[in-house]
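In what follows, a structure is listed as structure tokens, so that the remarks can point back to it.
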Amino acid sequence: ARHAQDMQDTVVRAQRGNTRTAKGWIQEAAKRMLMNNLDPEVAEKPQDLIVYGGRGKAARDWPSFWRIVETLDRLENDQTLLVQSGKPVAVLKTHELAPRVLIANSNLVPQWSNWEVFDRLEKAGLMMYGQMTAGSWIYIGTQGILQGTYETFASAAQKHFGGSLKGTITVTAGLGGMGGAQPLAVKLAGGVSINIEIDPTRIQRRLETRYLDEVASSLDDALMRATQAKREGRALSVGLCDNAAQVLPELVARGFTPDLVTDQTSSHDPMWGYLPPARADEDLNTLRDRNPDEYLRRTREAIAGHVQAILELQRRGAVAFDYGNNLREQARLAGVTDAFDYPGFVPAFIRDSFCEGRGPFRWVALSGDSADIRATDRALLELFPEDARLQNWLTYAADQIAFQGLPARICWLGYRERDRAGRLFNEMVRDGRLSAPVVIGRDHLDAGSVASPYRETEAMLDGSDAVSDWPLLNFATGVASGAAWMSFHHGGGVGMGYSQHSGLVAVADGSDEAEKRLQLCLTNDPAMGVIRHADAGYGKAVSVARERGLDLPSLER
Ligand code: NAD
33 ARHAQDMQDT
43 VVRAQRGNTR
53 TAKGWIQEAA
63 KRMLMNNLDP
73 EVAEKPQDLI
83 VYGGRGKAAR
93 DWPSFWRIVE
103 TLDRLENDQT
113 LLVQSGKPVA
123 VLKTHELAPR
133 VLIANSNLVP
143 QWSNWEVFDR
153 LEKAGLMMYG
163 QMTAGSWIYI
173 GTQGILQGTY
183 ETFASAAQKH
193 FGGSLKGTIT
203 VTAGLGGMGG
213 AQPLAVKLAG
223 GVSINIEIDP
233 TRIQRRLETR
243 YLDEVASSLD
253 DALMRATQAK
263 REGRALSVGL
273 CDNAAQVLPE
283 LVARGFTPDL
293 VTDQTSSHDP
303 MWGYLPPARA
313 DEDLNTLRDR
323 NPDEYLRRTR
333 EAIAGHVQAI
343 LELQRRGAVA
353 FDYGNNLREQ
363 ARLAGVTDAF
373 DYPGFVPAFI
383 RDSFCEGRGP
393 FRWVALSGDS
403 ADIRATDRAL
413 LELFPEDARL
423 QNWLTYAADQ
433 IAFQGLPARI
443 CWLGYRERDR
453 AGRLFNEMVR
463 DGRLSAPVVI
473 GRDHLDAGSV
483 ASPYRETEAM
493 LDGSDAVSDW
503 PLLNFATGVA
513 SGAAWMSFHH
523 GGGVGMGYSQ
533 HSGLVAVADG
543 SDEAEKRLQL
553 CLTNDPAMGV
563 IRHADAGYGK
573 AVSVARERGL
583 DLPSLER
């Protein structure tokens, strides 16, 4: 009967605490994380099952959601649930150390992998867009991307501004689930930011969660607040409710050049994620419904103007970089032939970390008690006393970041670090220092888990940008190494046809079985980053592989 009900008004929130209704902690963790993804504190549009990133969903529809929940509750400790684009399709007998859930989202055969085909299948109820951590149930709200965004801006500061963004202005757009991390990240790096966002409710949300300091009433007002803060060397974030496709060209026209310029609108999904400028009396939803081709033309035209403005700001001295939303490619499709004249953020700032298998490691306290996260913060500070970036991050994050949904933490750890952290958490659950099990996972945006030629694997040294054997090997390695649940997705942050990527989640419940699973999967998963980059010829990855004892048969000894 519940399936027949209209579930749109249901508020979903994960259970907290140390007692479970499922038959094992992995099943319980999967259920709570699925629900946590849709917690109104966490999800961008929970009533539509949309978690973040345009239309990234946690389950295909509400009946599928409830069937997944019910199935996880009855799933035995030697069974595996299969989920196909957000719909539970089978329960199989496997074995104790197998993943309890295997997920495949949004995958299409290459020749068919475009938005047109996907949209048709989605409309027919046959698929959903999984984004990265939406459909794999390990999204933790905006904090999840905060440290990655901080790492990016801190690297930009290192490379271009003598180590700090103090006295600089960054102009960006998009204050959605991920983009909402930008104002705080720039602030953590010492700088001032102007954040353009067309939807006032998104601005409000970032103000409430303390990711954004203040909102300007107009572009003039935003520029005044920003330049004053820059002059005073004060870190500040300013929101501006407007359309980036209009504001950026306006900055060019006025002769205002920021120090940095980037963008995190959902332009990877031009039909739904990027709004073209509209007349006050115009309803864009109606236009999209009635004349999708015209809508798309308008969007691409807007993106073309937006990117041309970024290119002009770059020529005038701004540090411009693409922030992983495929904006440049949309502009190229609209005829901007030099759209790729500014780099993506991975080759510009992040690849060195990937060579060490370093990437976004995250964990969630199933107790619901933020004291558990504080305890893990302290434990990691002790475990990695020599890691200055981690020390800064955890010390700062500990009292600055508002939790959304189940308390969670993120920090970047590399190969031979994540397994140590995971086993430590397991010990802490076992001896009662943590009051309930902990879920450990990561973004699909990681060192060795994704093929995405305009983002994570842009401009690889050996030209292997589009080779997606690597994320498939990563998925299979996680399955073979005792992950709690694994996922393989297509599209993610850059859209249909542009990426394939895999996700891993593990659970620390204090048991010997968890110890074994954590040791294997949290060693082998980040190893894929080192392996992938060593194979592509990155010297740093080769030396990490040698120093940390990876056995790579094709590497000259
Ligand atoms: P989201 O859909 O939650 O937010 C996008 C925001 O952009 C929305 O609030 C929307 O109102 C706003 N917007 C759309 N068109 C606009 C316009 N013309 N002017 C001003 N605002 C406009 O998405 P998200 O989760 O914040 O992700 C944003 C993008 O960043 C996605 O493309 C995503 O794939 C990408 N991304 C990048 C990274 C990274 O690390 N670089 C990570 C995750 C996601």
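Residues in the sequence shown are numbered consecutively from 33, following UniProt numbering.
For each residue, glycine too, the CB sits at the ideal point set by N, CA and C.
Secondary structure of residue i, DSSP reduced to three states
i, result
"His35", "With a pLDDT of 49 at His35, under the threshold of 50, the modelled position of that residue is not reliable, and no figure is offered here."
"Pro585", "coil"
"Gly176", "helix"
"Pro375", "coil"
"Ala166", "coil"
"Leu70", "coil"
"Pro281", "helix"
"Met160", "coil"
"Trp144", "helix"
"Lys77", "strand"
"Thr42", "coil"
"Trp304", "coil"
"Val539", "strand"
"Val247", "strand"
"Val499", "coil"
"Ser299", "coil"
"Ser534", "strand"
"Met65", "helix"
"Met528", "coil"
"Ser519", "strand"
Residues of its chain near residue i, where Cβ-Cβ distance is below 7 Å and the 5 sequence neighbours each way are ignored
i, result
"Gly49", "Ser399, Gly400, Ala468"
"Ala188", "Leu292, Val351, Phe381"
"Ser145", "His522, Met528, Gly529"
"Trp395", "Thr408, Ala440, Arg441, Phe457, Val470, Val471, Ile472"
"Pro379", "Glu490, Ala491"
"Thr331", "Pro302, Tyr306, Pro308"
"Leu319", "Glu326, Tyr327"
Sequence-distant residues of the same chain with beta carbon closer than 6 Å to residue i, five excluded per side
i, result
"Gly523", "Ser138"
"Val123", "Gln111, Leu113"
"Ala371", "Val339, Arg360, Ala363, Arg364"
"Pro281", "Gly337, Ala341"
"Val576", "Glu388, Val562"
"Val83", "Asn69, Ala75, Ala90, Ala166, Tyr171"
"Val115", "Ile135"
"Arg564", "Gly480, Trp502"
Beta-carbon proximity check, residue i vs residue j, cutoff 7 Å
i, j, result
"Arg474", "Phe393", "yes"
"Pro131", "Ala515", "yes"
"Ala334", "Ala277", "yes"
"Leu554", "Arg450", "yes"
"Val44", "Leu81", "no"
"residue 594", "Thr204", "What the structure shows of the chain is the stretch from 33 to 589, and residue 594 is not part of that stretch, so it cannot be assessed."
"Gly495", "Ser519", "no"
"Ala90", "Ile100", "no"
"Ala258", "Ile226", "yes"
"Val461", "Gly376", "no"
"Gly356", "Gly480", "no"
"Leu345", "Asp373", "no"
"Trp57", "Val539", "yes"
"Ala568", "Leu493", "yes"
"Ser196", "Met160", "no"
"Val279", "Ile228", "yes"
Cutoff 7 Å: residue i Cβ touching any chain B Cβ
i, result
"Gly173", "In the structure shown, chain B cannot be found, because there is only a single protein chain."
Proximal residues to residue i (C-beta, below 8 Å), its chain only, five neighbours per side dropped
i, result
"Leu316", "Leu307, Pro308, Ala310, Tyr327"
"Phe435", "Gly173, Gln175, Ser402, Ile405"
"Ala498", "Ala483, Pro485, Thr489"
"Lys262", "Gly199, Thr200, Ile201, Val224"
- Query: What are the start and end residues of each continuous alpha helix (DSSP H) run of 4 or more residues lying completely inside the segment 89 to 141, in chain order?
  - Reply: As summarised for the segment 89 to 141, the continuous alpha helix (DSSP H) elements at least 4 residues long and confined to that stretch are 94 to 106, given in chain order.
- Identify every run of the alpha helix (DSSP H) within the segment 176 to 245, keeping only runs that are complete inside it and at least 4 residues long; order them along the chain. Runs found: 214 to 220, 232 to 240.
- Message: Runs of 4 residues minimum, wholly inside the segment 418 to 493: which ones carry the alpha helix (DSSP H) assignment?
- Response: Fully enclosed alpha helix (DSSP H) runs of 4 or longer: 420 to 432, 450 to 462.
- Message: Taking contact to mean 3 or more Cβ pairs, one atom from each stretch, closer than 8 Å, check whether the segment 203 to 217 and the segment 170 to 187 are in contact.
- Response: Yes, the segment 203 to 217 is in contact with the segment 170 to 187.
- Task: Quick one: which unbroken alpha helix (DSSP H) runs of 4-plus residues sit fully inside the segment 324 to 400? Chain order, please.
- Result: With a minimum length of 4 residues, the unbroken runs of alpha helix (DSSP H) contained wholly in the segment 324 to 400 fall at 324 to 347, 359 to 365, 383 to 387.
- Message: Whether or not the segment 192 to 209 and the segment 99 to 111 are in contact is what I'm after, with contact meaning three or more pairs of Cβ atoms, one per stretch, closer than 8 Å; do they touch?
- Response: No, the segment 99 to 111 does not touch the segment 192 to 209.
- Contained beta strand (DSSP E) runs [length at least 3] in the segment 249 to 296, N- to C-terminal order: Those beta strand (DSSP E) runs which fall completely within the segment 249 to 296 and span 3+ residues are 268 to 273.
- Three or more C-beta pairs below 8 Å linking the segment 452 to 459 and the segment 402 to 416: Yes, the segment 452 to 459 is in contact with the segment 402 to 416.
- Message: Tell me whether the segment 438 to 447 and the segment 558 to 577 touch, counting them as touching only if at least three CB pairs, one residue from each stretch, are closer than 8 Å.
- Response: Enough Cβ pairs lie closer than 8 Å, so yes.
- Is the segment 236 to 250 touching the segment 215 to 224, taking contact as three or more C-beta pairs under 8 Å? Cβ pair count under 8 Å is three or more, so yes.
- Message: Closer than 8 Å is the cut-off here; do at least three beta carbon pairs connect the segment 298 to 309 with the segment 326 to 333?
- Response: In short, these stretches touch, since the Cβ pair count reaches three.
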